[in-house]
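Using my numbering, you'd call the opening residue of the sequence shown number 37 and step up by one each time.
Using N, Cα and C, we set each Cβ at its ideal position, and we do this for glycine too.
Taking it in order: structure first as structure tokens, then the write-up.
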Amino acid sequence: MKKSTLAIGLTLITLLVACERKEHVSIIPIPLSVELQTKVFTLNEHTQLWTNASNGEETFLKEYAIKHQLGVWSDERPVSNAIILEIVDTLPDIETPEGYMLLTDKSGVKISALSEAGLFYGIQTLLQMTSEEKTIAHGKIIDEPRFEYRGMMLDVSRHFFGVDFIKKQIEAMAYYKLNHLHLHLTDAAGWRIEIKRYPELTQQAAWRTHALWKDWWNNDRLYINKEEENAYGGFYTQEQIREIVDYAQKHYITVIPEIEMPSHSEEVLAVYPELSCSHIPYKESDFCAGNDKVFEFIENVLLEIMELFPSHYIHIGGDEASKQSWKECLLCKARMQEEGIDSVDELQSYFIHRIESFLNAHERNLLGWDEILDGGLAPNATVMSWRGTEGGLKAMRMGHRAIMTPGEFCYFDAYQDAPHTQPEAFGGYLPLQKVYSYDPIPDTLDSKTAKLLYGVQGNLFAEYIPTEEHMEYMAYPRILALAEVAWSAPKNKSFEDFHARALKAVEDLRTKGYHPFDLCHEVGNRPGADKPVRHLGVGKQVVYADGSAYYKGYSAGGDSALVDGVRGGWTYGDKHWQGFLGRKGVDVIIDLGKTLPITSISADFMQICGPGVFMPACVIISISHDGETFTELKREDIKVVKDDAVTFKTFGWEGASKARYVRYQAQRSDFGGFLFVDEIVIK
Ligand code: ACM
37 MKKSTLAIGL TLITLLVACE RKEHVSIIPI PLSVELQTKV FTLNEHTQLW TNASNGEETF
97 LKEYAIKHQL GVWSDERPVS NAIILEIVDT LPDIETPEGY MLLTDKSGVK ISALSEAGLF
157 YGIQTLLQMT SEEKTIAHGK IIDEPRFEYR GMMLDVSRHF FGVDFIKKQI EAMAYYKLNH
217 LHLHLTDAAG WRIEIKRYPE LTQQAAWRTH ALWKDWWNND RLYINKEEEN AYGGFYTQEQ
277 IREIVDYAQK HYITVIPEIE MPSHSEEVLA VYPELSCSHI PYKESDFCAG NDKVFEFIEN
337 VLLEIMELFP SHYIHIGGDE ASKQSWKECL LCKARMQEEG IDSVDELQSY FIHRIESFLN
397 AHERNLLGWD EILDGGLAPN ATVMSWRGTE GGLKAMRMGH RAIMTPGEFC YFDAYQDAPH
457 TQPEAFGGYL PLQKVYSYDP IPDTLDSKTA KLLYGVQGNL FAEYIPTEEH MEYMAYPRIL
517 ALAEVAWSAP KNKSFEDFHA RALKAVEDLR TKGYHPFDLC HEVGNRPGAD KPVRHLGVGK
577 QVVYADGSAY YKGYSAGGDS ALVDGVRGGW TYGDKHWQGF LGRKGVDVII DLGKTLPITS
637 ISADFMQICG PGVFMPACVI ISISHDGETF TELKREDIKV VKDDAVTFKT FGWEGASKAR
697 YVRYQAQRSD FGGFLFVDEI VIK
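As structure tokens, then:
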């Protein structure tokens with residue numbers, strides 16, 4: 037066999053092995069307990085469906101079961117070839133209304149639950165088990181969720197997604213037992229919901245000059261009239277919102293609207309500049325916190341929102357307020373004086389408290405990103421923790437509920453595979469396995485506080501997600517991993533087993549017209565990132581020259597990071613890349629302890645221009661016997677070019693020499709920003 041044929045043959049074998057899946061119960065999320073036998077019950081066109089669920093619910097359960105071809109309807113309880121959906125008063129081993137028991141024997145399938153939601157989830161399990169063949173093994177499944185809140189967030193502001201797309205995602209969410217759809221309806225990139233009292237919000241603030249968020253963001257960030265040529269945007273009419281909410285409700289999904297405040301509101305302030313501190317359009321992103329007209333506006337908007345969304349929670353954003361204009365604004369200063377407020381953080385807290393009182397007066401509760409903790413949390417608020425988990429944990433310790441959605445595990449706008457194989461993403465690297473590995477309850481949390489952990493959510497912010505296909509590609513199958521985090525008992529979780537089920541789910545999703553990531557051909561982490569690298573410098577002392585300190589937030593473990601034998605992966609955020617923000621760049625000396633023969637010295641750098649991470653402009657590698665006098669081995673000038681790619685490059689020297697000290701210098705380019713290096717490898 038020729039070498040190339042051998043290589044192709046081996047690649048094919050590898051792919052086949054990689055995509056092979058074991059036969060087992062292919063249910064996502066994995067149920068609490070599954071006992072199955074070898075005998076099977078076979079569904080056919082005469083299988084009869086029956087339920088004792090209440091009339092209203094029966095209609096949809098019936099419609100749903102028939103639509104999914106589980107059988108024909110029977111008004112009498114059938115005794116054979118039957119699918120029984122039965123509400124019961126008690127169920128052994130099940131405590132939550134969403135739980136169910138699924139029993140199969142020769143007479144058919146019986147799903148019992150304490151509520152219609154439980155029956156619905158039992159149906160999802162049945163549908164998954166019969167998705168390939170219309171047979172189901174005799175036996176018993178007992179199942180209930182770990183967390184009450186199992187969410188997905190769709191950002192429809194940065195790019196707009198229509199009603200049919202949302203309904204399609206609702207169907208998939210239900211299939212995987214997710215029960216909250218959070219719609220990020222407003223942001224700088226466009227206001228996306230009809231508010232009858234404020235028509236300019238959808239006449240102008242919903243439309244912009246460029247279709248791609250990136251083009252719009254990198255140009256003038258202008259809003260234009262809906263009728264203007266090339267206007268990009270859109271919004272949901274109130275009728276469409278009702279349609280979405282109703283469709284979601286039928287699938288046991290609550291839709292939570294997010295209306296951003298006090299910041300991320302450029303689009304509102306462009307059309308109603310009098311609601312900003314300066315009254316100048318296109319100047320600020322924060323509402324003025326001193327102007328009562330702002331509260332009047334927000335309350336009027338929220339009245340229409342509450343009319344449309346029956347959800348217990350209204351999400352008010354609360355993230356990333358700059359608060360700068362508040363420091364100079366006469367109205368904000370007057371408000372602070374009047375209320376005895378000392379800082380703009382407290383002024384934000386005043387803002388959120390005031391909105392919370394309004395929502396509470398209308399029997400709704402406030403949900404906000406973890407910045408709502410700053411300056412004091414409103415008394416009944418629930419925190420959605422995105423900047424890590426600390427905010428959520430803090431809220432829980434204060435007796436508040438929290439929903440965990442930390443960026444590291446739950447932001448699906450990150451790359452899910454090797455960046456060079458993927459469409460441009462926000463950055464980061466969040467493969468399926470990492471999502472799956474998330475456990476929102478740390479060992480250190482006592483059980484009483486842990487009860488306040490309401491659930492978890494996967495977020496799809498859409499700056500780099502311009503199309504429906506792309507949105508699905510980023511969501512699936514990662515949201516399936518999160519569904520299992522949210523629903524399944526930790527003792528039942530195994531990534532290997534989940535991966536096999538996810539491969540099947542990806543095929544299934546594709547058959548149904550979704551556009552999931554091609555999990556079967558996942559490349560995986562950066563070569564070398566998952567195993568230690570051995571070299572002469574490992575464990576040796578590193579001295580950082582004056583002015584070449586690493587940035588605290590990207591220390592990668594501190595002074596030993598550059599010689600710890602651990603390579604970085606596809607993202608500088610993985611705690612293995614050390615970041616340098618100072619003007620001096622990297623300038624480190626490694627003491628090998630004694631003079632040793634050396635044949636190579638190298639280091640890898642990465643570039644991702646969006647967050648300001650660049651290649652070095654110059655690398656200098658030197659050696660010394662005494663640590664005082666250094667001899668230059670190599671000096672390399674690098675042309676740093678801005679682009680959209682995520683790139684990795686090695687800069688090094690090879691030859692034959694001897695030294696005790698190795699000095700590695702890397703200078704920043706004119707773009708400034710960060711240098712990131714993971715390891716200085718000396719051989
Ligand atoms: C957020 O990602 N700014 C909540």
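{"Asked": "Cross-strand partners of S636 (DSSP beta bridge)", "Found": "E690"}
{"Asked": "Alpha-carbon to alpha-carbon, A370 and G326", "Found": "7 Å"}
{"Asked": "Neighbouring residues (CB closer than 5 Å to any heavy atom of the ligand ACM)", "Found": "D355, W405, W422"}
{"Asked": "Backbone CA spacing between R278 and Y349 [nearest angstrom]", "Found": "17 Å"}
{"Asked": "L617 to R603 span [Cα, whole Å]", "Found": "20 Å"}
{"Asked": "Which residues DSSP lists as bridging V622, in chain order", "Found": "A702"}
{"Asked": "Residue interval of the beta strand (DSSP E) (run including M434)", "Found": "No beta strand (DSSP E) holds M434; DSSP gives it neither H nor E."}
{"Asked": "Of the residues F271, C365, A225, the one placed nearest S314, counting alpha carbons only", "Found": "C365"}
{"Asked": "Inter-residue Cα distance where the pair is V578 and R257", "Found": "46 Å"}
{"Asked": "With 16 other Cβ atoms within 10 Å as the buried cut-off, status of E505", "Found": "exposed"}
{"Asked": "Per DSSP, the bridge partner or partners of D627", "Found": "Q577, Y697"}
{"Asked": "Proximity below 8 Å, CB of P652 to CB of G463", "Found": "no"}
{"Asked": "Bounding residues of the beta strand (DSSP E) (the contiguous stretch that carries E715)", "Found": "711-718"}
{"Asked": "DSSP state of S483 mapped onto helix, strand, coil", "Found": "helix"}
{"Asked": "8 Å contact criterion, which H436 and A417 should meet: CB distance rounded", "Found": "6 Å"}
{"Asked": "CB contact flag (F345, V291, <8 Å)", "Found": "yes"}
{"Asked": "Helix, strand or coil at D566 according to DSSP, with G and I counted as helix", "Found": "coil"}
{"Asked": "Buried or exposed by the 16-neighbour rule on C-beta atoms within 10 Å, applied to K58", "Found": "Unreliable positioning characterises K58 in this predicted model, as indicated by a pLDDT of 41, which lies under 50. The coordinate reading is nonetheless provided below. Exposed, by the Cβ-count rule."}
{"Asked": "Coil, strand or helix - M510 by DSSP", "Found": "helix"}
{"Asked": "Assigned secondary structure, L217 (DSSP; H/G/I helix, E/B strand, else coil)", "Found": "strand"}
{"Asked": "Residues that DSSP places opposite L85 in a beta bridge", "Found": "W109, I119"}
{"Asked": "Simplified DSSP assignment, three categories, for W252", "Found": "helix"}
{"Asked": "Residues sharing a beta bridge with M420, DSSP", "Found": "W405, I439"}
{"Asked": "Contained alpha helix (DSSP H) runs [length at least 4] in the region 332-390, N- to C-terminal order", "Found": "360-364, 366-375"}
{"Asked": "Bridge partner(s) assigned by DSSP for S148", "Found": "E122, M137"}
{"Asked": "Contact between the region 600-614 and the region 568-583 (3+ Cβ pairs under 8 Å)", "Found": "yes"}
{"Asked": "At least 3 beta-carbon pairs within less than 8 Å: the region 617-626 vs the region 707-714", "Found": "yes"}
{"Asked": "Cut-off 8 Å between Cβ atoms - residues of its own chain near L496, not counting five sequence neighbours on either side", "Found": "M188, M189, L190, D191, F448, D449, M507, M510, A511"}
{"Asked": "Y100 in three-state terms, based on DSSP", "Found": "helix"}
{"Asked": "CB contact flag (E230, Y259, <8 Å)", "Found": "no"}
{"Asked": "Cβ separation of Q84 and V108, assumed to be a contact under 8 Å, to the nearest whole Å", "Found": "6 Å"}
{"Asked": "Nearest neighbour of L338, chosen from H551, R233, Y490, I637 [CA to CA]", "Found": "R233"}
{"Asked": "For T667 and R186, the rounded distance between their alpha carbons", "Found": "60 Å"}
{"Asked": "Residue burial classification, G573 (beta-carbon count within 10 angstroms, cutoff 16)", "Found": "buried"}
{"Asked": "Cα-Cα separation, D475 to E520", "Found": "11 Å"}
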